[in-house]
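Here's the structure we're looking at; comments come further down.
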Amino acid sequence: MIPRWEHFRHEADIGVRGLGATREAAFEQAALALTAVLTDPERVAPRTSVRIVCSAPDDALLFCDWLNALIFEMATRHMLFARCEVRIADGHLDAIAWGESVDVDRHLPAVEIKGATFTELDVRRLPDGSWRAQCVVDV
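Just so we're aligned: the sequence shown equals residues 45 to 183 in the numbering used here.
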């Protein structure tokens, strides 16, 4: 499976979905979908790395924590992320996200993401063996 991300409609908010051959790849793609809520990920250069660590008792909560950690880093560092490398083991996520500071003229950020929600929160292995991770983010 070729990893990819996509958005899905949800009333006034927006859903982010990552798809990949592994759970980690699905989480990585969902991070790109998160960036794509704000700007075209192709406009973001992977200049600076940020380490993100979180843990949760199950994959769905871990995914929600992962997205909220990214949103926190975006807000506090005024950054956008172009790519991520995620490792997951025993309920613990350890990731590096690469990105750059927001350039309003170049990135043209569309909205502000407030947080990942439990709405349509789902992390699962699909029948073909690939993985999907998704939820709605509050904008």
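Note that CB positions come from ideal geometry on N, CA and C, so glycine has one too.
Reducing DSSP to helix, strand and coil, say where residue i ends up.
{"i": "V183", "result": "coil"}
{"i": "F107", "result": "helix"}
{"i": "A177", "result": "strand"}
{"i": "R131", "result": "strand"}
{"i": "R91", "result": "coil"}
{"i": "I46", "result": "coil"}
{"i": "A69", "result": "helix"}
{"i": "A141", "result": "strand"}
Find the nearest neighbour of residue i within the set the options, judged by alpha-carbon distance.
{"i": "W49", "options": "V181, R176, L152 and M118", "result": "R176"}
{"i": "V180", "options": "T83, C108 and T66", "result": "C108"}
{"i": "K158", "options": "L82, F71 and R61", "result": "L82"}
{"i": "R150", "options": "S99, V88 and V94", "result": "V88"}
Apart from the five residues on each side of it in sequence, which residues of its chain come closer than 6 Å, Cβ to Cβ, to residue i?
{"i": "L76", "result": "W49 and P85"}
{"i": "V97", "result": "D138"}
How should residue i be labelled, buried or exposed, when 16 other C-beta atoms within 10 angstroms of its C-beta is the threshold for buried?
{"i": "V148", "result": "exposed"}
{"i": "T79", "result": "buried"}
{"i": "F116", "result": "exposed"}
{"i": "G173", "result": "exposed"}
Within a Cβ cutoff of 7 Å, which residues of the same chain sit near residue i, ignoring the five residues on either side of it in sequence?
{"i": "S145", "result": "H122 and M123"}
Ordered along the chain, which non-local residues of its own chain (more than five positions away) have a Cβ less than 8 Å from that of residue i?
{"i": "R53", "result": "G59"}
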